[in-house]
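Q:
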Amino acid sequence: ADRKDVHYLVLTGTGDFFSSGNDLGNFMNRLKTGLPPDVLAKDAAEVVRNYVAAFINFPKPAVALVNGPSIGVACTILGLFDFIYASDKAFFHTPFTLLGLNPEGCSSYTFPRAMGLARANRVLMLNEQLSAVEAKACGFVTDVFPHATFHEETKKKLQQLSKLPPKSLKYSKALVRDPIWADLHKANDKECDRLKERFVSEEAMQAVMNFFKDKGKL
C-alpha cells in the first residue's frame, strides 16, 4: 500500500479455481497437536480478523479477477473489492452454515448492501451458489466475460485503470469507503468474535467430522 510504484491491487487464482476455500484438514491437524481447542479457535479467528482488516484498510483500488469458482473467505472478501470481473465459469459459494460456522470477510455487511437482503440471506444462510451471471445481475460483480477470452478482456480493463490518475483513484475510493470504514471493522470484529466460538462448537465439530467421513478421510 505504501509503494508509490503500485497503483492498484489485483487478486486472481491459478488453475481452474479462484479459491476452493479454507483447508479444513489444517484445523483438524492442529487439534492433534494437543493445544486446547479454545486456544486454536482464538488464534484462527485472529488470523481471519487481521486478514480481512488488511483489505478494509487498503487505500488503493482493489480488483478481483475471478477466474473460476470462489468458495469461502475468498468469496466473502470480494465485497471489499472495488471491481470484480468474473469468468462465466465462476460461481460464488459460502457454505458456512453447512459447516456450523458463520459469515466472515465482512459479508454480513457487504453482501446485503451489494445484492440485497433476500439474495444475501440465500447465499449466506441457505448456502445457495450464485452463478457469475446472477452475481452481475444482482450487482455483486462488475462484469462477466467468456472464460475463453477472460484473460484478454480483463487485461484491457487493467490497462484502462492504469491510464487513470492514481491519486484521483485513491481519493475517490476514500470518499466512497470512508463513511463505512468503521462499520466494516465493526462487522469484521463481530464475525470473528462469533467464529471464535463457532470453531469449537458441537455443531461445527460434527459438521467437519461428517465432511471428512464423506470424503473417506476418517
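Numbering (our numbering), first residue to last: 10 to 227. Even glycine gets a Cβ: it sits at the ideal position worked out from N, Cα and C.
Alpha carbons only, please: which of 205, 208, 188, 86 is nearest the one belonging to residue 120?
A: For the residues 205, 208, 188, 86, the minimum Cα distance to residue 120 belongs to 86.
Q: Does the pairing of the stretch 156 to 174 with the stretch 105 to 113 give three or more beta-carbon distances under 8 Å?
A: No, the stretch 156 to 174 is not in contact with the stretch 105 to 113.
Q: Residue 20 by DSSP, collapsed to three states: which one?
A: Reduced to three states, the DSSP call for residue 20 is strand.
Q: Ends of the beta strand (DSSP E) at residue 96?
A: Its beta strand (DSSP E) spans residues 92 to 96.
Q: For residue 100, collect the residues of the same chain with a Cβ closer than 6 Å to its Cβ; drop the 5 residues on either side in sequence, then sort them by chain order.
A: Excluding positions up to five away in sequence, the list reads 78, 138, 140.
Q: Could you pull out every unbroken alpha helix (DSSP H) segment of at least 4 residues lying fully inside the stretch 176 to 220, listed in chain order?
A: Listed in chain order, nothing qualifies, since the stretch 176 to 220 has no complete alpha helix (DSSP H) run of 4 or more residues.
Q: Going along the chain, which residues of its own chain have a beta-carbon closer than 7 Å to the beta-carbon of residue 50, five neighbours each way excluded?
A: Excluding residues within five positions, the ones whose Cβ falls inside 7 Å are 205, 208, 209.
Q: Using the C-alpha atoms, what's the distance from residue 163 back to residue 153?
A: Whole-angstrom Cα-Cα distance: 10 Å.
Q: Mind checking residue 27: buried by the 16 CB within 10 Å criterion, or exposed?
A: It counts as buried.
Q: Can you look up residue 47 in the DSSP assignment and give me helix, strand or coil?
A: Here residue 47 sits in helix by DSSP.
Q: For residue 102, which residues from the same chain have a beta carbon less than 6 Å from its beta carbon, with the 5 sequence-adjacent residues on both sides left out?
A: Only 80, 138 meet the Cβ criterion.
Q: Which residues in the same chain as residue 227 place their Cβ atom closer than 8 Å to its Cβ, once the five residues preceding and following it in sequence are excluded?
A: Only weak support is given to the placement of residue 227: the predicted model assigns it a pLDDT of 48, under 50, and the value that follows is read from those uncertain coordinates. So the list reads 218, 221, once near-sequence residues are dropped.
Q: Residue 216: which of 11, 76, 48, 105 sits nearest, CA to CA?
A: Comparing Cα positions, the closest option is 105.
Q: Should residue 84 and residue 196 be called a contact, given that it needs their Cβ atoms to be closer than 8 Å?
A: No; because the gap between Cβ atoms is not below 8 Å, this pair is not in contact.
Q: Helix, strand or coil for residue 99? Go by DSSP, reduced to three states.
A: Residue 99: coil per DSSP, three-state reduction.
Q: In whole angstroms, give me the CA-to-CA distance for residue 202 and residue 58.
A: Approximately 9 Å, taken between the alpha carbons.
Q: What are the start and end residues of the alpha helix (DSSP H) that includes residue 67?
A: Segment: none, residue 67 is in no alpha helix (DSSP H) and carries neither H nor E.
Q: What do you get for residue 180, buried or exposed, if any count of 16 or more other CB atoms within 10 angstroms of its CB means buried?
A: Its Cβ having fewer than 16 others within 10 Å, residue 180 is exposed.
Q: In whole angstroms, what is the alpha-carbon distance linking residue 157 and residue 189?
A: One C-alpha to the other measures close to 37 Å.
Q: Select from 64, 148, 82, 29 the residue whose C-alpha is nearest the C-alpha of residue 122.
A: When each option's Cα is compared against that of residue 122, the closest is 148.
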